[in-house]
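Asks: Here UniProt numbering is used: the first residue of the sequence shown is 1, the next is one more, and so on.
Where a beta carbon is used, it is the ideal one built from N, C-alpha and C, also for glycine.
Owing to the predicted nature of the structure, the values given are computational and were not obtained by experimental measurement.
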Amino acid sequence: MIYIGIDISKYKHDCFIATETSVSFSFENNSSGFKELLEHFKPFNKSEMIIGLEATGHYGDNLKSFLSSHGFSFMEINPLLVKKFSDSKSLRKLKTDKKDAKLISEYMMTVDYKAYHHQSYHISALKSLTRERSKLISFRTAQYNMITKTLDIIFPEFNPFMKEQGYSDTSLYILSYFKSPDKIAKMTDLHYDKIRKKSMGKFSYPKFMKLKELAKETIGTSQDYHLDRLSTSISYVEKLNTDIKVIESRITELMKKYPTYFGSIKGIGTLTEAIILAEYGNISLYDSPSQMVSYAGLDSTIKQSGTMSTTGKLVKRGSKYLRSALINITLILMVNNPLFYAYYHKKKQEGKHHRVAQVNLAKKLIRVIHHLETTKTYFDSSLLK
């Protein structure tokens, strides 16, 4: 077998081909550089080539696409594993790109080769979309917080009265159109008709009159810069809402091409299914659920010395997007699946804190997902143990 290691960087990549003579070279991250790589690969049979490269974010995406399009298989490696392999070989702190490429090829000789799935490059588009959505939601939450802080000053009675999680289109419409409590207090019945249509009939006339009364008697104080800050945050939220809807539509369309078996679990919606699929990729590449747990950073630290052994906090390595999705979905799983709730309740009876019980339930979900995807079966709660 021909073991090949490629060290990825932004503008150029380094390659080491372990043969009798060994070949080491650098090539640029562009068309001419990729053609140069092909020239070095020509003497070898594709079926005998074991190519490994570190998972280094988006810098290697174009190379991976190029290799796939030319019929080469390759394996992505966690950089942490390569570092530990390096530490095990020498105590010297010597790191160069060429040395790293050689080290990757040596590491490939010690592990089972698991080729990057042919769909993985396309699923990376799904990963980009789901991660972008997560970032936009975080930014929107920051703007929600800014709106809340501003309202606490100019109209502190508004949020307790509306009793909303976040801000609905109706609330944003009222705040952006009327802006100050003084203008809200002077709303007319014509304004009510527009608000009622915006809320699809949910905003009642008694509620409308009560809001006017609260605005008239508010203890808040309005300054121009407060109103300007409120308008700015609302405009951000409205733009973010539009962008998020567009991304979610694209995610939904992509998921039609990649149906999963774990999507049959009641409570897992399309967006959560997309995050799990995008972050894990081809689940058949994982030998056991414990590897999936580790990738999500849901395993606990273990400290052992002599006769003492303790478990600590979550490792929290791996994908934070995946970890968040798996933990957050547990609440919905408990509502829709009695057996998942029973498992959570069991952990609570064992004295586990709510958050710890959630993590345990997330681990159980991972075990179920691994079983469904590796056996290619749909979820059946009657078979759940």
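Going by other Cβ atoms of all chains shown within 10 Å of its Cβ, with 16 needed for buried, is Lys149 buried or exposed?
Replies: Lys149 comes out exposed.
Asks: Skipping 5 residues on each side, what residues in its chain have a beta carbon closer than 7 Å to that of Asp169?
Replies: Excluding residues within five positions, the ones whose Cβ falls inside 7 Å are Lys198.
Asks: With a Cβ-Cβ cutoff of 9 Å, do Gly5 and Ala125 count as a contact?
Replies: The answer is no: Cβ separation not under 9 Å.
Asks: Whole angstroms is fine: what's the gap from Ala357's alpha carbon to Gln349's?
Replies: Answer to the nearest angstrom: the Cα atoms are 10 Å apart.
Asks: Given this structure, state the Cα-to-Cα distance separating Glu217 from Glu157, to the nearest angstrom.
Replies: Looking at the two C-alpha atoms, the distance is approximately 9 Å.
Asks: With distance defined between alpha-carbon atoms, name the residue in Tyr3, Asn29 and Leu190 nearest to Leu103.
Replies: When each option's Cα is compared against that of Leu103, the closest is Tyr3.
Asks: Could you give the residue range of the alpha helix (DSSP H) that holds Val293?
Replies: Per DSSP, Val293 belongs to the alpha helix (DSSP H) from Pro289 to Tyr295.
Asks: Let me know the secondary structure DSSP gives Ser324 once reduced to three states.
Replies: Three-state DSSP puts Ser324 in a helix.
Asks: Can you say whether Ser309 is buried or exposed, counting buried as having 16 or more other CB atoms within 10 angstroms of its CB?
Replies: For Ser309, the predicted structure reports a pLDDT of 40, less than 50, and the residue's modelled location is therefore unreliable. The matter cannot be settled from this model.
Asks: Could you give the first and the last residue of the continuous beta strand (DSSP E) run that contains Asp61?
Replies: Not the beta strand (DSSP E): Asp61 falls in the alpha helix (DSSP H), residues Asp61 to Ser69.
Asks: Do Tyr192 and Tyr167 have their CB atoms nearer than 9 Å?
Replies: Not a contact, by the Cβ cut-off of 9 Å.
Asks: Tell me the DSSP bridge mates of residue 388?
Replies: This structure gives no information on residue 388, because the portion of the chain shown stretches from 1 to 385.
Asks: Check Val368 in the structure and name its three-state DSSP category.
Replies: Note: Val368 maps to helix in three-state DSSP.
Asks: Measuring straight from C-alpha to C-alpha, what distance separates Leu211 and Ile184?
Replies: Going by the C-alpha atoms only, they are around 8 Å apart.
Asks: Give a yes or no on contact between the segment 323–333 and the segment 239–247, applying the rule of three or more CB pairs nearer than 8 Å.
Replies: Contact fails: fewer than three Cβ-Cβ distances are below 8 Å.
Asks: Check whether the segment 16–24 and the segment 52–72 touch, using three or more Cβ-Cβ pairs below 8 Å as the test.
Replies: No: the two stretches stay apart, fewer than three of their Cβ pairs being nearer than 8 Å.
Asks: With DSSP as the reference, identify every bridge partner of Glu76, one or two as the case may be.
Replies: Its beta-bridge partners are Leu53.
Asks: How close, in whole Å, do the beta carbons of Phe262 and Ile123 come, if the pair is a contact with beta carbons under 8 Å?
Replies: Not quite, the Cβ-Cβ distance comes to about 15 Å (not below 8 Å), so this is no contact.
Asks: Check whether the segment 362–376 and the segment 274–287 touch, using three or more Cβ-Cβ pairs below 8 Å as the test.
Replies: They touch, by the three-pair rule.
Asks: Rounded to a whole number of angstroms, what is the C-alpha to C-alpha distance between Ser294 and Tyr280?
Replies: One C-alpha to the other measures close to 11 Å.
Asks: Quick one: residues in its chain with C-beta nearer than 7 Å to the C-beta of Phe178, no 5 flanking neighbours on either side, listed in chain order?
Replies: So the list reads Ile184 and Met187, once near-sequence residues are dropped.
Asks: Excluding the 5 residues preceding and the 5 following Lys10 in the sequence, name in chain order all residues of the same chain whose CB lies nearer than 8 Å to its CB.
Replies: Excluding residues within five positions, the ones whose Cβ falls inside 8 Å are Asn29 and Tyr59.
Asks: Can you tell me whether Glu28 is helix, strand or coil according to DSSP?
Replies: Three-state result, Glu28: strand.
Asks: Can you round the beta-carbon distance between Lys266 and Asn337 to whole angstroms, since I take them to be within the 8 Å contact cut?
Replies: So it is a contact: roughly 6 Å between Cβ atoms.
Asks: How long is the line joining the alpha carbons of Ile50 and Met108, rounded to whole angstroms?
Replies: So the alpha carbons of these two residues sit roughly 7 Å apart.
Asks: How should Val111 be labelled, buried or exposed, when 16 other C-beta atoms within 10 angstroms of its C-beta is the threshold for buried?
Replies: Flag for Val111 reads exposed.
Asks: Can you tell which of Phe340, Ser171 and Phe155 has the C-alpha that lies nearest to the C-alpha of Ile234?
Replies: Nearest option by C-alpha distance: Ser171.
Asks: Could you name the residues that DSSP lists as bridge partners for Lys12?
Replies: The partner list for Lys12 (beta bridge, DSSP) reads Glu28.
Asks: What are the boundary residues of the beta strand (DSSP E) that includes Asp243?
Replies: Counting along the chain, Asp243 falls outside any beta strand (DSSP E), though it belongs to the alpha helix (DSSP H) covering Asp224 to Met255.
Asks: Answer yes or no: do Ile251 and Ala325 have a C-beta to C-beta separation smaller than 9 Å?
Replies: Result no, Cβ atoms of Ile251 and Ala325 do not sit closer than 9 Å.
Asks: Our contact map puts Tyr343 next to Lys320 with C-beta atoms below 8 Å; I'd like the distance itself, whole angstroms only.
Replies: Actually they are not in contact, since the Cβ atoms of Tyr343 and Lys320 sit about 24 Å apart, beyond 8 Å.
Asks: In the structure shown, what three-state DSSP assignment does Asp380 receive?
Replies: DSSP places Asp380 in coil when its eight states are reduced to three.
Asks: What does Asp7 pair with, by DSSP beta-bridge criteria?
Replies: Asp7 is bridged to Asp14.
Asks: Can you tell me which of Lys347, Phe41, Ser68 and Ser138 puts its alpha carbon nearest to the alpha carbon of Leu240?
Replies: Of the listed residues, the one whose Cα sits closest to Leu240 is Ser138.
Asks: How is Ile268 classed by DSSP in three states: helix, strand or coil?
Replies: Coil at Ile268, not helix or strand.
Asks: Is DSSP giving Thr307 helix, strand or coil here?
Replies: Residue placement at Thr307 cannot be trusted, given a pLDDT of 45 that sits under 50; the coordinates are not used to answer.
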